[in-house]
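The structure appears below as structure tokens.
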Amino acid sequence: MINLNPKLLNLHPSLKIFNFDSIGSTNLFLKEEVESGKLLQPAFCIAEQQTSGYGQHGRNWDSTQELSPLTCSFAFPIDYGLEKLLLKSIPVALIVRRLLVKYSKQDFQVKWPNDIYENGRKVSGCLIEIVRSRVLKTPFVIFGLGVNLSSNNSKGYGSVESLEVGLFLNDLSIELFDFFTSEDGLNGSEVITEWGKHDYFSIGEKVCVYDTGSFREGEYLGINALFQPEIRIDGKVVAFSTGQASIRKV
96 MINLNPKLLN LHPSLKIFNF DSIGSTNLFL KEEVESGKLL QPAFCIAEQQ
146 TSGYGQHGRN WDSTQELSPL TCSFAFPIDY GLEKLLLKSI PVALIVRRLL
196 VKYSKQDFQV KWPNDIYENG RKVSGCLIEI VRSRVLKTPF VIFGLGVNLS
246 SNNSKGYGSV ESLEVGLFLN DLSIELFDFF TSEDGLNGSE VITEWGKHDY
296 FSIGEKVCVY DTGSFREGEY LGINALFQPE IRIDGKVVAF STGQASIRKV
């Protein structure tokens with residue numbers, strides 16, 4: 096348990112704050128608030144415990160108390176096209192990674208599309224969803240974040256130790272607000288360079304790609320200008336999109 100009082104945080108002033116001891120899913124809560132028309136502004140939701148958290152591809156997000164998880168979500172209205180939002184799903188992992196490094200004593204890697212790893216073990220995961228309000232024409236992006244804070248777990252996960260949670264969330268709220276509410280993205284070449292420095296995979300590494308129900312092995316080539324990972328499979332270079340595939344070490 097992180098025992099954090101959100102009222103004592105210095106989050107972005109535009110955020111409406113929701114705080115729960117226990118909830119099914121912070122992402123699902125904000126989605127339902129937006130869909131119903133109850134939530135018309137940017138918001139932050141945090142819970143001591145999630146009982147039905149989920150991640151990429153609908154997988155369960157393990158948020159048992161053994162992991163001392165930090166589980167939270169943000170909601171931001173957006174007034175730009177979804178094609179631009181898709182280009183934000185990869186760079187946002189670099190924002191999370193940088194702030195985790197800043198407010199802990201560790202270094203981390205980014206794993207496509209937006210997971211955070213340390214020494215081969217997952218410590219954090221991000222989830223981005225789109226929802227529309229019955230009241231507003233503007234769609235909302237829901238950004239969910241889970242961070243494992245305990246190294247004493249039997250799940251095989253890594254952890255972010257000694258994280259200054261309050262300072263991390265303060266900075267994260269400000270950076271995410273600016274990042275998602277503006278249609279401008281990060282500089283593409285800088286994203287590719289930064290990703291390459293902290294990539295979980297190495298260029299030329301043999302990887303396994305799970306795509307449309309089948310596994311294929313290939314050679315990892317890094318991410319391209321659309322922030323898609325490129326894999327050389329049977330002599331051909333194949334690019335993959337978020338939500339379409341997952342990549343694993345062999």
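The sequence shown begins at 96 in our numbering and counts up one residue at a time.
Idealized CB from N, CA, C, for every residue including glycine.
It should be emphasised that the depicted structure is a prediction, and the values quoted were computed from it without experimental measurement.
So what's residue i in DSSP terms, helix, strand or just coil?
i	result
Leu244	coil
Asn214	coil
Glu143	strand
Asn105	coil
Asp116	strand
Gly253	coil
His152	Caution applies to His152, whose pLDDT of 47 falls short of 50 and renders its modelled position unreliable; the value that the coordinates give is listed next. Looking at His152 - three-state DSSP - the assignment turns out to be helix.
Thr288	helix
Glu325	strand
Lys183	coil
Asp202	coil
Val191	helix
Thr233	coil
Lys133	coil
Ile223	strand
Phe275	helix
Asp306	strand
Gly261	helix
Ser168	strand
Gly176	coil
Leu316	strand
Val333	strand
Gly280	coil
Ile298	coil
Ser228	coil
Classify residue i: buried if its beta carbon has 16 or more other beta carbons within 10 angstroms, exposed otherwise.
i	result
Gly220	buried
Ala94	Limits of the chain in this structure are 96 at one end and 345 at the other, which puts residue 94 out of reach.
Phe113	buried
Glu213	buried
Val332	exposed
Pro164	buried
Ser257	exposed
Asn100	exposed
Lys183	buried
Ser131	exposed
Val230	exposed
Lys217	buried
Asp116	exposed
Arg343	exposed
Leu103	exposed
Ser120	buried
Gly241	buried
His152	Low confidence applies to His152: its pLDDT is 47, below 50, so where it sits in the model is not reliable enough to give any reading.
Ser109	exposed
Glu128	buried
Asn122	buried
Ser268	buried
Assuming residue i and residue j are in contact, meaning their beta carbons sit under 8 Å apart, how far apart are those beta carbons, in whole angstroms?
i	j	result
Ser254	Leu244	6 Å
Ile326	Phe335	7 Å
Ile173	Thr276	7 Å
Ile190	Glu259	The Cβ separation is near 16 Å, so there is no contact.
* Between the region 199–210 and the region 303–312, are three or more C-beta pairs nearer than 8 Å? -> no
* Evaluate the contact criterion for the region 194–205 versus the region 120–137: three or more CB pairs, one atom per stretch, below 8 Å. => By the Cβ criterion, the region 194–205 is not in contact with the region 120–137, since fewer than three pairs of Cβ atoms, one from each stretch, lie closer than 8 Å.
* To do: Pair every Cβ in the region 287–297 with every Cβ in the region 231–238, then say whether three or more of these pairs are closer than 8 Å.
  => no
* To do: Would you check if the region 169–189 and the region 262–282 touch, i.e. whether three or more CB-CB distances between them fall below 8 Å?
  => yes
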